[in-house]
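Asks: One structure is given below, represented as structure tokens, and several questions about it will come after.
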Amino acid sequence: MIIHSILFLSMLAGQPSASAEGFGDVLHTIEDISKSVTDNEEASGSEDEAAQKTADDEKDAAVDKALKGIGVDGTTADDIQKSLGFARRTKKAVESARDLDPADERQIGRVAAAEILAKYSPFGDEGLNKYVQTVGQAVAMASDRPQTFSGYHFQVLNTEEVNALSIPGGFIFVTKGILRLVESEDELACVLAHEVAHVALGHGSEAIVEARRMKAGLGIAADASKTYGSKGTGKGLAALRGDVKAVMDILMRTGYGHGKEFEADAKGALYAQRTGYDPSALTAVMRKLKSSAASQGGFLKTHPKAGKRAQQLEEAALEPPAWYSESETRDMRFESALAALGGSGE
Amino acid sequence: MLKRSAREARRAVALIVVLAVLAGAAAFGAQVHVQIASAKLKKSPQWFAATVAEPALGDTLNVLKKAGCWYQVKAGDTTGWIHKSAVTGKKTKKSRASTVGATQTSADDITLAGKGFNELEADYRKNGGTVNFEAIDAMEARSVDEARLISFLRKGALLPKSAKKGGK
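Top to bottom, those sequences are chains B and L.
Counting from 1 along the first sequence, just add 34 to a position and that's the residue number in our numbering.
Counting from 1 along the second sequence, just add 12 to a position and that's the residue number in our numbering.
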């Protein structure tokens, strides 16, 4: 029982990322040593139960061999073997609920983004969309996650609400309202970089995983593997719908939470700096948001107060890169692209 | 009772020792697998460096060394740097199934259909009204190639002088 508990707790302590850490990795290591064992966690969805049993038997044999190889034998080896079996089953079930790879993110994000585009129509000026895409892709390339499964994609929304939002998989939206607020390419880059940071840091994905775990329940882990099994029917389809709902809840209701917004501010400023922009432009945007009556409603009602965000950014005092300089070209292309917004929007 | 507890405790300690030894053994000869649709192998571990190869989803790469967030890897005859977020330690299975949506990834052999995503999107389409997949297709089709991106940055005085023309 003690051994069971140690393994169980150790695995649960691992980070909710694709590459498990701590004892989760150790468990992999034992299995890797055998060389004859393939990682059947990915394959499990397409294998029938008999094949699964064979794979598990092979794993058991490999672990036995590994243990004997380092001098562990007899009752202790049996106990370890039993514990590993228990740990393996539990780990598989828990990970099936938390495992979210880039392809999953893209597909769940795609549906959520399609919902956003049904609520807010896309702004049709392709010149402006392409300009925002270019600036956004540039800061994304300098982020901690330069590429998502199918890349970052940016779209202007045809609403005067002042906001920007991001969806797992790299779908990022900015409203006409926030484009009217920014006054330079540097400021636009910082707004986009903040949204890229949410994606790069996996904030939306964490929320999906958390929602999955809540549903699956760690104590009934066996059911989790059924709920998030590889078959896209029945329970699986309902689970995927639940994933989309988790994203939509964040976007429309709860937000990421103040801690994650501050984190995205800090990282966003850093990404903008790495790209070559002046990171203090994000502080300037926050100051404007503070005085913008339009920002008090809509998505931003779930965000920390803009004044507090500006203060935190100022305290971080991130400087522009050493090679930074003003650029007439940069100013001109910004003015030219944003001319597509037309009048004041009042 | 005490004897039993002591025995179990000894076994727990033995297990931890075993696991620790085995964990150390795993540090060498790592392989990683591409987990995104359009991964890029760079000439140097910098985001604006030239792309030397584009390994496919599911390709296995041998890690030569690590520098920050980048792995130097060998893919066939090509050696280059790939960002750690583009790869995973887990094998990425390929299949004949194609993904949904109008993106450059649609021709890739990936496993999304097996995960139920095609059915998810079909389900949303069938129920209609609350989603706009046409707009998402247009959004996903919008992308700027790397050469244009580098040129955009250079013209805007955003690249360091040391970044030579052509992103080399």
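The beta-carbon is built from N, C-alpha and C at its ideal position, and this holds for glycine as well.
Just so it is clear, the structure is predicted and the values come from calculations on it, not from any experiment.
Does DSSP put G92(L) in a helix, in a strand, or in coil?
Replies: As a position in the second sequence, residue 92(L) is number 80, starting the count at 1. In this structure, G92(L) counts as strand in the three-state DSSP scheme.
Asks: Taking the DSSP output, what are the residues bridged to K77(L)?
Replies: Start at 1 with the first residue of the second sequence, and residue 77(L) comes out as number 65. According to DSSP, which records beta bridges pairwise, K77(L) is partnered with Q84(L).
Asks: Just to confirm before moving on: does the CB-CB distance between A136(B) and I48(L) stay below 7 angstroms?
Replies: On the first sequence, position 102 is the one that residue 136(B) refers to. On the second sequence, position 36 is the one that residue 48(L) refers to. It is worth fixing the name first, because residue 136(B) is Pro in this sequence and not Ala. Yes.
Asks: For M175(B), go through chain L and note every residue whose CB falls closer than 8 angstroms to its CB, in chain order.
Replies: Within the first sequence, residue 175(B) is the residue found at index 141, counting from 1. Those are W59, F60, L161, listed as they occur along chain L.
Asks: Check the Cβ-Cβ distances between D257(B) and every residue of chain L, and say whether any is below 7 angstroms.
Replies: As a working note, residue 257(B) is residue 223 in the first sequence. Low confidence applies here, because D257(B) scores a pLDDT of 46, under 50, leaving its location unreliable and the question unanswered by this model.
Asks: Is E66(L) close to chain B? Criterion is C-beta to C-beta, closer than 7 angstroms.
Replies: Position 54 of the second sequence, counted from the first residue, corresponds to residue 66(L). No, no contact with chain B.
Asks: I'd like to check one pair, A198(B) with T309(B): are the Cβ atoms closer than 7 angstroms?
Replies: Counted from its first residue, the first sequence places residue 309(B) at position 275. Counted from its first residue, the first sequence places residue 198(B) at position 164. Result no, Cβ atoms of T309(B) and A198(B) do not sit closer than 7 angstroms.
Asks: Could you give the distance in angstroms between the alpha-carbon of T100(L) and the alpha-carbon of A176(B)?
Replies: As a first step, residue 100(L) is located in the second sequence; it is residue number 88 there, counting from the start. As a first step, residue 176(B) is located in the first sequence; it is residue number 142 there, counting from the start. Computed Cα separation, rounded: 20 angstroms.
Asks: Assign T363(B) to one of three DSSP states: helix, strand, or coil.
Replies: Working through the first sequence from its first residue, we reach residue 363(B) at position 329. Reduced to three states, the DSSP call for T363(B) is helix.
Asks: By DSSP's criteria, A198(B) is part of a beta bridge. Which residues make up the other side?
Replies: For the purposes of this step, residue 198(B) is taken as residue 164 along the first sequence, with counting starting at 1. By DSSP's assignment, A198(B) forms a beta bridge with V208(B).
Asks: Fully enclosed by the segment 132-188 of chain B, which alpha helix (DSSP H) runs are 4 residues long or longer?
Replies: Correct list: 136-153, 160-175.
Asks: Taking A340(B) as part of the alpha helix (DSSP H), name the residues at either end of that continuous run.
Replies: The residue you call residue 340(B) lines up with position 306 of the first sequence. Looking at the DSSP string, the run of the alpha helix (DSSP H) that includes A340(B) is 340-350.
Asks: For Y305(B), which residues of its own chain have a beta-carbon under 7 angstroms away from its beta-carbon, when the five flanking residues on both sides are left out?
Replies: Translated into the one-based positions of the first sequence, residue 305(B) becomes position 271. In its chain, beyond the 5 residues on either side, V173, A176, S177, A227, V230, A231 have a beta carbon closer than 7 angstroms to the beta carbon of Y305(B).
Asks: Report the option in K103(L), K167(L), R166(L), K78(L) whose CA atom is closest to the CA atom of A68(L).
Replies: Mapped onto the second sequence, residue 68(L) falls at position 56. Nearest of K103(L), K167(L), R166(L), K78(L) to A68(L), Cα basis: K103(L).
Asks: To which residues of the same chain is E240(B) closer than 6 angstroms at the C-beta, ignoring the five residues directly before and after it?
Replies: Start at 1 with the first residue of the first sequence, and residue 240(B) comes out as number 206. Nothing listed; no residue qualifies.
Asks: Taking the beta carbon of Q43(L) as the centre, do at least 16 other beta carbons fall within 10 Å, making it buried, or is it exposed?
Replies: On the second sequence, residue 43(L) is found 31 positions in, with the first residue counted as 1. So Q43(L) counts as exposed.
Asks: Quick one: is Q84(L) near chain B, going by C-beta distance under 7 angstroms?
Replies: Translated into positions along the second sequence, residue 84(L) becomes position 72. No - not a single Cβ of chain B is within 7 angstroms of the one on Q84(L).
Asks: Starting from V233(B), follow its DSSP beta bridges and name the residues at the other end.
Replies: Here residue 233(B) refers to the residue found at position 199 of the first sequence. The partner list for V233(B) (beta bridge, DSSP) is empty, contrary to what the question assumes.
Asks: Per DSSP, H45(L) is paired with what?
Replies: By one-based count along the second sequence, residue 45(L) stands at place 33. T72(L), T100(L).
Asks: Would you mind stating whether A61(L) and K52(L) have Cβ atoms separated by less than 7 angstroms?
Replies: Mapped onto the second sequence, residue 61(L) falls at position 49. Mapped onto the second sequence, residue 52(L) falls at position 40. Going by beta carbons, A61(L) and K52(L) fall outside the 7 angstroms limit.
Asks: Which residue comes first and which comes last in the beta strand (DSSP E) that contains V64(L)?
Replies: On the second sequence, position 52 is the one that residue 64(L) refers to. Element bounds for V64(L): 63-65.
Asks: List the whole-angstrom C-beta distance separating G203(B) from E139(B), where the pair is believed to meet the contact cut-off of C-beta under 8 angstroms.
Replies: Stepping through the first sequence from its first residue, residue 203(B) is reached at position 169. Stepping through the first sequence from its first residue, residue 139(B) is reached at position 105. Indeed, because the Cβ distance is near 4 angstroms, the residues count as touching under 8 angstroms.
Asks: Distance, Cα to Cα, R402(B) vs Y186(B)?
Replies: With chain B represented from 35 up to 380, any question about residue 402(B) goes unanswered, as that position is not in the structure.
Asks: Which word fits G161(B), buried or exposed, when buried means at least 16 other C-beta atoms lie within 10 angstroms of its C-beta?
Replies: Mapped onto the first sequence, residue 161(B) falls at position 127. With fewer than 16 Cβ atoms within 10 Å of its Cβ, G161(B) is classed as exposed.
Asks: Which same chain residues, not among the five before or five after D283(B), have their C-beta less than 6 angstroms away from its C-beta?
Replies: Counted from its first residue, the first sequence places residue 283(B) at position 249. Excluding residues within five positions, none has a Cβ falling inside 6 angstroms.
Asks: Nearest to V64(L) by CA position, among N74(L), A87(L), G70(L), A79(L), is which residue?
Replies: The sequence position of residue 64(L) within the second sequence is 52, counting from 1. Minimum Cα distance to V64(L) is reached at A87(L).
Asks: Given a threshold of 16 other Cβ atoms within 10 Å of its Cβ, counted over all protein chains shown, does R160(L) qualify as buried or as exposed?
Replies: The residue given as residue 160(L) occupies position 148 in the second sequence. So R160(L) counts as exposed.
Asks: Given that S50(L) touches chain B, what residues does it touch there, using C-beta distances under 8 angstroms?
Replies: In the second sequence, counting from the first residue as 1, residue 50(L) sits at position 38. Per Cβ cutoff of 8 angstroms: Q181, S184, G185.
Asks: From S326(B), S200(B), A371(B), V278(B), pick the residue whose C-alpha is nearest to that of E143(L); which is it?
Replies: As a position in the second sequence, residue 143(L) is number 131, starting the count at 1. The identity of residue 143(L) in the sequence shown is Val, whereas the question assumes Glu. Comparing Cα positions, the closest option is V278(B).
Asks: Counting contacts by CB-CB distance shorter than 7 angstroms, is G168(L) in contact with chain B?
Replies: Sequence index remark: in the second sequence, residue 168(L) carries index 156 (1-based). Closer than 7 angstroms: yes.
Asks: Which residues in chain L sit within 7 angstroms of N163(B), going by Cβ to Cβ distance?
Replies: By one-based count along the first sequence, residue 163(B) stands at place 129. Here the neighbours are R154.
Asks: Between A273(B) and the ligand PLP, is there a pair consisting of the residue's CB and a ligand heavy atom that are separated by less than 6 angstroms?
Replies: Because no ligand of any kind appears in the structure shown, any question about the ligand PLP cannot be addressed here.
Asks: Where DSSP assigns a beta bridge to K54(L), which residues make up the other side?
Replies: By 1-based counting over the second sequence, the position of residue 54(L) is 42. T63(L), W93(L).
Asks: Report the neighbours of P156(B) on chain L: residues whose CB is nearer than 9 angstroms to its CB, in chain order.
Replies: Residue 156(B) sits at position 122 when you count from the first residue of the first sequence. Per Cβ cutoff of 9 angstroms: N144, A147, A150, M151.
Asks: Does DSSP put V372(B) in a helix, in a strand, or in coil?
Replies: The residue labelled residue 372(B) in the question sits at position 338 within the first sequence. With the sequence shown as reference, residue 372(B) is identified as Leu, and Val is not the correct amino acid for it. In this structure, L372(B) counts as helix in the three-state DSSP scheme.
Asks: At a CB-CB cut-off below 7 angstroms, which residues of chain B make contact with A98(L)?
Replies: Reading the second sequence from its first residue, position 86 is the one you call residue 98(L). The contacting residues are Q181.
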